[in-house]
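> Please read through the structure below; I'll follow up with questions.
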Amino acid sequence: MAGADSPSAALRRHDLCARGIRLAGKMRSDVVDLLDAYVERQGLDASASVAAVEGVPLAAVERWDEQTGTQRLLENLAAYRAFRSLLAQMLEEQREQLGEADAALDRALAAVLLQVSAFAYHLEELLRLESRGPPSEEEDGPPPQPQGLFEQKLRGLGVLRELAQWAVRSARDLRQLAKPQGAGSSPSLAESP
Amino acid sequence: MEERKKLTKFIIKDCGFAIGPKPAYWARQGMDIVERDSRLCYALFIPVTPRILSLTPDFSTSTLNLKWSDNGSLFPDGLDAVWQIQILRKETMEKVTQVTYHSKLTHEDIILSWNWTSDMPLECTSHYVKIRCYINVTQFVGLKEWSDWSPVEVIPGKDTDPSESGVFPLDTVVAVGSDVTFCCVHEEGQNITNMSYGSKPYPMIQLSSRSHAIRVLNASASDTSGTNVVCRLNNGMMEGTVLFVGYAPDTPQNLSCETPNFQIIKCTWKPGRPSGLYGKRRTKYSLFERTSGKNVSCEVNEMNRERVCGFPVLPDQKTYDFILGVSNPIGQAESSLLVDITQRVHPKTPEKLTVSENNSTSIHLRWFINGSFAQIRLLCQIEISSGHSEQKLPLSLSEANGRIVSHEVSCYLLETPLVHKVVTEPSNSTEIKLGKNDCVISVVAKNQAGSSPPSRITSVELPTDNIITGQAVAMGNGINVSWDSYPNMTCGYVVKWCHSSGSEPYSVDWQKFPSNTTNAVIKSAPKSAPNFTVEETSSDSILVKWEDIPIEECRGFLKGYLLSFAKGEKDAIKPRLSESGNPELKVNNITNLTQKSMKILDLQGKTSYQLELQAYTAGGLSPPNSLYVVTKEDSVGLIIAILIPVAVVVLLGVMASIFCYRKREWIKETFYPEIPNPENSKALQFQRNICEGNKTLKTLEMNPCTPNSVEVVEAQSAAPKIEDTEMMSPAADTTMPEDGSDSEMENHVVVSYCPPIIEEEISNPPTDEPGGSSQVVYIDIQSMYQPQIKSEEEPEIDIVTTAGYKPQMQLSVSALNTESRSPVEEELDKTAGYRPQANTNAWNMDTPDSPGSVESNNENASFGSPCSINSRQFLLPSKDDEDSPKPINIGWSFTHFFQNKPND
Numbered sequence: 284m285a286g287a288d289s290p291s292a293a294l295r296r297h298d299l300c301a302r303g304i305r306l307a308g309k310m311r312s313d314v315v316d317l318l319d320a321y322v323e324r325q326g327l328d329a330s331a332s333v334a335a336v337e338g339v340p341l342a343a344v345e346r347w348d349e350q351t352g353t354q355r356l357l358e359n360l361a362a363y364r365a366f367r368s369l370l371a372q373m374l375e376e377q378r379e380q381l382g383e384a385d386a387a388l389d390r391a392l393a394a395v396l397l398q399v400s401a402f403a404y405h406l407e408e409l410l411r412l413e414s415r416g417p418p419s420e421e422e423d424g425p426p427p428q429p430q431g432l433f434e435q436k437l438r439g440l441g442v443l444r445e446l447a448q449w450a451v452r453s454a455r456d457l458r459q460l461a462k463p464q465g466a467g468s469s470p471s472l473a474e475s476p
Numbered sequence: 037m038e039e040r041k042k043l044t045k046f047i048i049k050d051c052g053f054a055i056g057p058k059p060a061y062w063a064r065q066g067m068d069i070v071e072r073d074s075r076l077c078y079a080l081f082i083p084v085t086p087r088i089l090s091l092t093p094d095f096s097t098s099t100l101n102l103k104w105s106d107n108g109s110l111f112p113d114g115l116d117a118v119w120q121i122q123i124l125r126k127e128t129m130e131k132v133t134q135v136t137y138h139s140k141l142t143h144e145d146i147i148l149s150w151n152w153t154s155d156m157p158l159e160c161t162s163h164y165v166k167i168r169c170y171i172n173v174t175q176f177v178g179l180k181e182w183s184d185w186s187p188v189e190v191i192p193g194k195d196t197d198p199s200e201s202g203v204f205p206l207d208t209v210v211a212v213g214s215d216v217t218f219c220c221v222h223e224e225g226q227n228i229t230n231m232s233y234g235s236k237p238y239p240m241i242q243l244s245s246r247s248h249a250i251r252v253l254n255a256s257a258s259d260t261s262g263t264n265v266v267c268r269l270n271n272g273m274m275e276g277t278v279l280f281v282g283y284a285p286d287t288p289q290n291l292s293c294e295t296p297n298f299q300i301i302k303c304t305w306k307p308g309r310p311s312g313l314y315g316k317r318r319t320k321y322s323l324f325e326r327t328s329g330k331n332v333s334c335e336v337n338e339m340n341r342e343r344v345c346g347f348p349v350l351p352d353q354k355t356y357d358f359i360l361g362v363s364n365p366i367g368q369a370e371s372s373l374l375v376d377i378t379q380r381v382h383p384k385t386p387e388k389l390t391v392s393e394n395n396s397t398s399i400h401l402r403w404f405i406n407g408s409f410a411q412i413r414l415l416c417q418i419e420i421s422s423g424h425s426e427q428k429l430p431l432s433l434s435e436a437n438g439r440i441v442s443h444e445v446s447c448y449l450l451e452t453p454l455v456h457k458v459v460t461e462p463s464n465s466t467e468i469k470l471g472k473n474d475c476v477i478s479v480v481a482k483n484q485a486g487s488s489p490p491s492r493i494t495s496v497e498l499p500t501d502n503i504i505t506g507q508a509v510a511m512g513n514g515i516n517v518s519w520d521s522y523p524n525m526t527c528g529y530v531v532k533w534c535h536s537s538g539s540e541p542y543s544v545d546w547q548k549f550p551s552n553t554t555n556a557v558i559k560s561a562p563k564s565a566p567n568f569t570v571e572e573t574s575s576d577s578i579l580v581k582w583e584d585i586p587i588e589e590c591r592g593f594l595k596g597y598l599l600s601f602a603k604g605e606k607d608a609i610k611p612r613l614s615e616s617g618n619p620e621l622k623v624n625n626i627t628n629l630t631q632k633s634m635k636i637l638d639l640q641g642k643t644s645y646q647l648e649l650q651a652y653t654a655g656g657l658s659p660p661n662s663l664y665v666v667t668k669e670d671s672v673g674l675i676i677a678i679l680i681p682v683a684v685v686v687l688l689g690v691m692a693s694i695f696c697y698r699k700r701e702w703i704k705e706t707f708y709p710e711i712p713n714p715e716n717s718k719a720l721q722f723q724r725n726i727c728e729g730n731k732t733l734k735t736l737e738m739n740p741c742t743p744n745s746v747e748v749v750e751a752q753s754a755a756p757k758i759e760d761t762e763m764m765s766p767a768a769d770t771t772m773p774e775d776g777s778d779s780e781m782e783n784h785v786v787v788s789y790c791p792p793i794i795e796e797e798i799s800n801p802p803t804d805e806p807g808g809s810s811q812v813v814y815i816d817i818q819s820m821y822q823p824q825i826k827s828e829e830e831p832e833i834d835i836v837t838t839a840g841y842k843p844q845m846q847l848s849v850s851a852l853n854t855e856s857r858s859p860v861e862e863e864l865d866k867t868a869g870y871r872p873q874a875n876t877n878a879w880n881m882d883t884p885d886s887p888g889s890v891e892s893n894n895e896n897a898s899f900g901s902p903c904s905i906n907s908r909q910f911l912l913p914s915k916d917d918e919d920s921p922k923p924i925n926i927g928w929s930f931t932h933f934f935q936n937k938p939n940d
């Protein structure tokens, strides 16, 4: 792994991981708050089960501990890029449906979108440090828009719930990455494909 | 009937109606005359079956649009046609409604259209439509009947499409109070668990195997995000829709339009009741001007109560006929206003006001008002306020000693600051509202290092032109000034003067006079009071002497002196005597200016007086000089004050003695009856016998405390210690040797019992007696305390429980060892009494009223009742006093002992 060769790169990675973990923690806390507000303002049932929403990446993964560092970063990046797009769409829908009637929810949603964008950028930085560079963003276009407003509400709920899960997983991923080479059970970044 | 039917069919098929009375006419119109059989002429007229051209659904509004042709070209002009339309629903084709539609035939084929709005979303289930007609052919005299029903047209519901599911209607908006039907269409094989509107479940109506409905009546206003209608399926999934319930827009109120600049017209209004709809369902406004036909849509903030919309000013148009249109998905409203815009101008505040000086008497003002006001006369007002203001020049660079940070401007009336302002650079002017006061204005420049000396000006205007020098005449009581009446004067006159004597800077005084006055007398009070001293004081008088005031401080002719005095301490902070309002204040007016001393009489001895001396002229009083004097003590009065009461007391004593002497017999009988001689008492014979060898015994002496003598007779061979229980038990009497009074005389310990002085009699514990073979434990009779024998297993706790009140401590038993006690300690113990929270080692438990302890051979460490600190009398009676019969027995044992002993 090229990035891990020099001590300064290792230090930089460690620093990026540490900051990423803090950012994920803050994001998790804000998303949980936003979830509460969202459920209340949209008149939803907090216990409602939502089917897997199309376009929303799942945080749960099999054989998590067997993943390489690069794999982790790439999955994270793909997820947060998807969240960025989904949240932007949610924000737009929210403004279209409610106008200026619910400024607090609008602000909270915008704040989380900003954090997601920042976290995606953070992951890109980490990938750059691995001499790998982030993959180019695929221009898939916006995710398919739900037909009905109720579906929109449910999808928003699904997006926020999954984002809360991802914030936890990302913190764990970064903690794994921050471990000194060889200390963790996961293969080192150098072994990544 | 069979025949008729046959005919009808035939006719309908071939010509459309039966033969009329004018066969030739009908034939010309293209109708075939089938038969001329007169029987048929009275048969039936049945129109041809209408055909539906189209049936179009609008799912968003649940509306069906039906189109068909009236086939009017077949009929003469002007016939009435009646159409029956039937709506059916569900697979079972239940009839929902049947309506009748009237039209007139125009001898042309007209396509007729009819709309029907369903109370149930069209998606919920299939809807069917069919139509038939009746044509009122007036010329036909026979029977006329309805045509056959047209073939049914169907709008299939979503439940017929296997791929469709969902809750309908999809995201609609209805008015508050509406009744709404929702249906849930699900996939085949699934079941609906429940359907809810908001959080409330509703009973379901089955429409088909895949579709169920709920009906919500009188819907109330929804939240900003709408009300969710949720359909829960048995597989755990949810389908749903959102219903927005709000109000149609209110008519805009208080619409008014004005222009600030002839470029744009601003119209404002109040929206009235909120619609409760937001975002893309919000109420939208548009401003339509009827004259020009121009329409402007208004972007307004939903959260703002006041709405504003701009409309451009059109060239060459003065009158504007505005219609403000308001609409939302539920309804619309409008409000109109006709306005001449030249009469509705509200210019903005002029900007960029600049003042340039033309000459000493005129200035040039420039300002800018954004807009094109050419078509109206714009009136500008200029307000010139000439306040009391003078400008101080800013310091030059050389004077500033660095950068000036700020100026401090203060305004003083005499010494009282009225205004204080800090003017920061670069501003070098400020405004001070003086009100009716003139004041001295001081300006101090400040830089980083500190403040400059103040620069002062007075706000009093002293005109420098047209000075007319007049004459003033000094009189006895002032200076008489007169002036000519000045015709333009309206407010009045101010006379100012200053004292020319002295080296100090002139201080200007002034006085205002009304406008009708033309003369005044300027008076002035002395500047200082004469210095004065106290020459002599006695118990009732003070002699005061003073000096003349220097002539330059008189400021006029002295009229006299005022000497004021009142009681007053020097230390107390008091205002001037003349201002204190002291009711005892006395003022002596000395008008003889040659008099330089005065004796104040009728004062009280040994009292502090405050004296004040002021001089006065016709102009007023000088400030006072003040002194404090204490008068001397009046010794004669004191002696008299002592002697008189003493003499009175002596006199009374003498008189009482004489009285008592003269009435001694009567007094003796009344207050001092003869008492039988106790020595004659038989009981005391015993006392005498017993006490023969002991001269110190004092029995039945007339003593305030009435001491009782206790004689304890005990055998040498008895147990070395008598325990409390034995002492207090009723059997104690029996243990006493009844006949040992003579033989054991030496072992008798006679104790005089007297509660307050009992310790006098018992100085030491019995163990301390050198040859003390007998031990006596004393019990305070008043306490009636009954010590108890305690077993070894009951140490301190029992002491506590049986002891009653303990003064805030537990005493250690080890501290009570009497063997190690020094005499000093014992002496202390006798007088110490109760010592709260003291060192327990210093405590003496050996007080006579302390009960003995069995197991420790020491005194018990507790008291039976709260004791007063010194008296050792129990403050509270012990319960045992009332309840236990034993102490009574003890008491009796003592008294019996006294009384029975002689008998022994």
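Quick note, the sequences are listed as chains A and B, same order.
In the working numbering, each residue carries its 1-based index in the first sequence increased by 283.
In the working numbering, each residue carries its 1-based index in the second sequence increased by 36.
Where a beta carbon is used, it is the ideal one built from N, C-alpha and C, also for glycine.
For a contact defined as C-beta to C-beta under 8 Å, what are the partners of LEU327 (chain A) on chain B?
The residue given as residue 327 (chain A) occupies position 44 in the first sequence. Per Cβ cutoff of 8 Å: ASN264.
> Please classify HIS163 (chain B) as buried or exposed, where buried requires at least 16 neighbouring CB atoms within 10 angstroms.
On the second sequence, residue 163 (chain B) is found 127 positions in, with the first residue counted as 1. Buried, by the Cβ-count rule.
> Answer with buried or exposed for ALA365 (chain A), where buried requires no fewer than 16 other C-beta atoms within 10 angstroms of its C-beta.
Taking the first residue of the first sequence as 1, we reach residue 365 (chain A) at position 82. Buried is the call here.
> Skipping 5 residues on each side, what residues in its chain have a beta carbon closer than 6 Å to that of ILE247 (chain B)?
Along the second sequence, read from residue 1 onward, the residue named residue 247 (chain B) stands at position 211. A small correction: the amino acid at residue 247 (chain B) is Ser; Ile does not occupy that position in the sequence shown. Result list for SER247 (chain B): CYS160, THR161, ASP195, CYS219 and VAL221, in chain order.
> Identify every residue that forms a DSSP beta bridge with LYS330 (chain B).
Your numbering for residue 330 (chain B) matches position 294 in the second sequence. Looking at the DSSP assignment, LYS330 (chain B) forms a beta bridge with B:GLU325.
> Listing by chain order, which chain A residues have their CB less than 8 Å from the CB of GLY315 (chain B)?
Position 279 of the second sequence holds residue 315 (chain B). Residues of chain A passing the Cβ test: ARG378, GLU379, GLN380, LEU381, GLY382 and ALA384.
> Can the beta-carbon of TYR238 (chain B) be found less than 7 Å from the beta-carbon of LEU381 (chain A)?
As a first step, residue 238 (chain B) must be located in the second sequence, where it is residue number 202. As a first step, residue 381 (chain A) must be located in the first sequence, where it is residue number 98. Result no, Cβ atoms of TYR238 (chain B) and LEU381 (chain A) do not sit closer than 7 Å.
> Would LEU91 (chain B) and VAL165 (chain B) qualify as a contact pair, given that the criterion is a beta-carbon distance under 7 Å?
The residue labelled residue 91 (chain B) in the question sits at position 55 within the second sequence. The residue labelled residue 165 (chain B) in the question sits at position 129 within the second sequence. Yes, the Cβ-Cβ distance between LEU91 (chain B) and VAL165 (chain B) is below 7 Å.
> Note down the Cα distance separating LEU687 (chain B) from ARG700 (chain B), rounded to an integer number of angstroms.
Within the second sequence, the letter at position 651 stands for residue 687 (chain B). Within the second sequence, the letter at position 664 stands for residue 700 (chain B). Going by the C-alpha atoms only, they are around 20 Å apart.
> Residues of the region 184-212 of chain B with a CB closer than 9 Å to any CB of chain A: list them in chain order, please.
Answer in chain order: GLY202, VAL203, LEU206 and ASP207.
> So the beta strand (DSSP E) ARG413 (chain B) belongs to, where does it begin and stop?
For the purposes of this step, residue 413 (chain B) is taken as residue 377 along the second sequence, with counting starting at 1. Where ARG413 (chain B) is concerned, there is no enclosing beta strand (DSSP E), given that its DSSP letter is neither H nor E.
> Of all the CB atoms in chain A, is at least one closer than 7 Å to the CB of THR277 (chain B)?
Numbered from its first residue, the second sequence carries residue 277 (chain B) at position 241. Closer than 7 Å to some Cβ of chain A, the Cβ of THR277 (chain B) qualifies, so yes.
> Name the residue from B:ASP215, B:ILE82 and B:HIS143 whose alpha carbon lies nearest to the alpha carbon of GLY108 (chain B).
Within the second sequence, residue 108 (chain B) is the residue found at index 72, counting from 1. Of the candidates B:ASP215, B:ILE82 and B:HIS143, the one whose C-alpha sits nearest the C-alpha of GLY108 (chain B) is B:HIS143.
> Going by alpha carbons, who is nearest to TRP119 (chain B) out of B:ILE147, B:VAL517 and B:SER98?
As a working note, residue 119 (chain B) is residue 83 in the second sequence. Among B:ILE147, B:VAL517 and B:SER98, the Cα nearest to that of TRP119 (chain B) is on B:ILE147.
> Distance cutoff 7 Å, beta carbons only. Does ARG455 (chain A) sit that close to anything in chain B?
Within the first sequence, numbered from 1, the residue matching residue 455 (chain A) stands at position 172. Not closer than 7 Å to any Cβ of chain B, the Cβ of ARG455 (chain A) fails to qualify, so no.
> Among B:PRO351, B:PHE280 and B:ASN151, whose alpha-carbon lies nearest the alpha-carbon of ASN364 (chain B)?
Translated into the one-based positions of the second sequence, residue 364 (chain B) becomes position 328. When each option's Cα is compared against that of ASN364 (chain B), the closest is B:PHE280.
> What residues are listed by DSSP as bridge partners for MET231 (chain B)?
Start at 1 with the first residue of the second sequence, and residue 231 (chain B) comes out as number 195. In the DSSP output, where bridge partners are listed per residue, MET231 (chain B) has B:TYR238 and B:CYS267.
> Can we say the region 225-232 of chain B touches the region 251-261 of chain B, given the rule of at least three CB pairs closer than 8 Å?
Verdict: no, contact absent.
> Nearest chain B C-beta to ARG411 (chain A) closer than 7 Å, yes or no?
The count along the first sequence starts at 1 and reaches residue 411 (chain A) at position 128. Judged by the 7 Å Cβ criterion, ARG411 (chain A) is not in contact with chain B.
> Tell me which residues of the region 299-331 of chain A have at least one Cβ-Cβ distance to chain B shorter than 9 Å, keeping chain order.
Correct list: ARG324, GLN325, GLY326, LEU327, ASP328 and ALA331.
> Quick one, are the C-beta atoms of THR390 (chain B) and ARG380 (chain B) less than 7 Å apart?
As a first step, residue 390 (chain B) is located in the second sequence; it is residue number 354 there, counting from the start. As a first step, residue 380 (chain B) is located in the second sequence; it is residue number 344 there, counting from the start. Going by C-beta atoms, THR390 (chain B) is not nearer than 7 Å to ARG380 (chain B).
> Looking at chain A, is there any beta carbon in it that lies within less than 7 Å of the beta carbon of PRO365 (chain B)?
To locate residue 365 (chain B), count along the second sequence from 1; it is residue 329. Not an interface residue.
> Can you list, in chain order, the residues of its chain with a C-beta nearer than 8 Å to that of LYS952 (chain B)? Leave out the 5 residues immediately preceding and following it.
In this structure chain B extends from 37 to 940, so residue 952 (chain B) is not present and cannot be described.
> If you scan the region 102-184 of chain B from start to end, which runs of the beta strand (DSSP E) of 3 or more residues do you find wholly inside it?
Segments of the beta strand (DSSP E) lying fully in the region 102-184 of chain B: 116-125, 130-140, 147-153 and 163-172.
> Which residues in chain C sit within 9 Å of PHE402 (chain A), going by Cβ to Cβ distance?
Here chain C cannot be found, since the structure's protein chains are A and B.
> Please name the residue or residues paired with PRO348 (chain B) in a DSSP beta bridge.
As a working note, residue 348 (chain B) is residue 312 in the second sequence. Beta-bridge pairing links PRO348 (chain B) to B:ILE300.
> Closest to ASN264 (chain B) by CA distance: which of A:ARG458, A:ASP456 and A:GLY431 is it?
Within the second sequence, numbered from 1, the residue matching residue 264 (chain B) stands at position 228. Per the Cα distances, A:GLY431.
> Can you list the residues of chain A that ASN337 (chain B) reaches, using a CB-CB cut of under 8 Å?
What you label residue 337 (chain B) is simply residue 301 of the second sequence in a count that begins at 1. Going along chain A in sequence order, the residues near ASN337 (chain B) (Cβ under 8 Å) are GLU383.
> Can you list the alpha helix (DSSP H) stretches of 4 or more residues lying completely in the region 382-434 of chain A, in chain order?
386-412, all fully within the region 382-434 of chain A.
> Give the DSSP-derived three-state secondary structure of SER74 (chain B) in the structure shown.
Along the second sequence, one-based indexing puts residue 74 (chain B) at 38. At SER74 (chain B), the pLDDT of 42 sits below 50, so the modelled position is not reliable and the matter cannot be decided from this model.
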